[in-house]
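According to this note's numbering, the sequence shown is numbered sequentially starting from 1.
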Amino acid sequence: MESIYSIAEISQKTNLSYDTIRYYGKLGLLPPTKLNDHGRREYGTIHLERLTFISHLKRTGMPLKEIETYMSLATTKQYVNCYRVLCAHKLNIEMQLKEIQASLDVVNYKIDHFYQLMEQLNLGGE
Numbered sequence: 001m002e003s004i005y006s007i008a009e010i011s012q013k014t015n016l017s018y019d020t021i022r023y024y025g026k027l028g029l030l031p032p033t034k035l036n037d038h039g040r041r042e043y044g045t046i047h048l049e050r051l052t053f054i055s056h057l058k059r060t061g062m063p064l065k066e067i068e069t070y071m072s073l074a075t076t077k078q079y080v081n082c083y084r085v086l087c088a089h090k091l092n093i094e095m096q097l098k099e100i101q102a103s104l105d106v107v108n109y110k111i112d113h114f115y116q117l118m119e120q121l122n123l124g125g126e
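Right under this line is the structure:
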């Protein structure tokens, strides 16, 4: 049997606000939800997985409009186009990683530089 989650539980598991979850639902990024006997939305594993995936795409810089396009392609089983969208996004992520690595290299260089200066002045390092 599939797990059933309230919006509070989904929010806690995904770190998304209630408003964001509802907004994604309005945009059609989520499968329809069922209402329980009290008129509250019930979310399943598919919703949790979809929201987690959307969060990963957003965190790595994919615009919401592009996520909408991707989800529409996936819903209509246009797998070749889904593949292309994700491959293009992967290239963007890889470029981001290279930029972050270059920045990290500069910061590490500066840390080493200041550590050497502190040692020369007998200030000690942490």
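We treat Cβ as the ideally placed atom computed from N, Cα and C, and that holds for glycine.
Alpha carbon of Y109 to alpha carbon of L86, nearest angstrom: Against the sequence shown, residue 109 aligns to sequence position 109. Against the sequence shown, residue 86 aligns to sequence position 86. If you take the alpha carbons of Y109 and L86, they lie about 34 Å apart.
Top-ranked residue by Cα proximity to G39, from T69, D19, L27 and S6: Here residue 39 corresponds to residue number 39 of the sequence shown, with the count starting at 1. Per the Cα distances, S6.
Own chain residues within Cβ distance below 7 Å of T52, not counting five before or after: One-based indexing of the sequence shown puts residue 52 at position 52. Same-chain partners within the cutoff: T14.
Distance between F114 and K26 (C-alpha atoms, nearest Å): Locating residue 26 in the sequence shown gives position 26, counting from the first residue. Locating residue 114 in the sequence shown gives position 114, counting from the first residue. Each residue's Cα considered, the two are about 52 Å apart.
Backbone CA spacing between T75 and L29 [nearest angstrom]: Looking up residue 75 in the sequence shown gives position 75. Looking up residue 29 in the sequence shown gives position 29. Those two C-alpha atoms are separated by around 10 Å.
Proximity to I54 [Cα-Cα], best of I67, E42 and S17: As a working note, residue 54 is residue 54 in the sequence shown. With distances taken between Cα atoms, I54 lies closest to I67.
Cα-Cα separation, T33 to M71: Locating residue 33 in the sequence shown gives position 33, where the first residue counts as 1. Locating residue 71 in the sequence shown gives position 71, where the first residue counts as 1. Their backbone Cα atoms lie some 16 Å apart in a straight line.
Paired residues, beta bridge with R41 - DSSP: For the purposes of this step, residue 41 is identified with residue 41 of the sequence shown, where counting begins at 1. DSSP, once it has assigned bridges, lists L35 as partnering R41.
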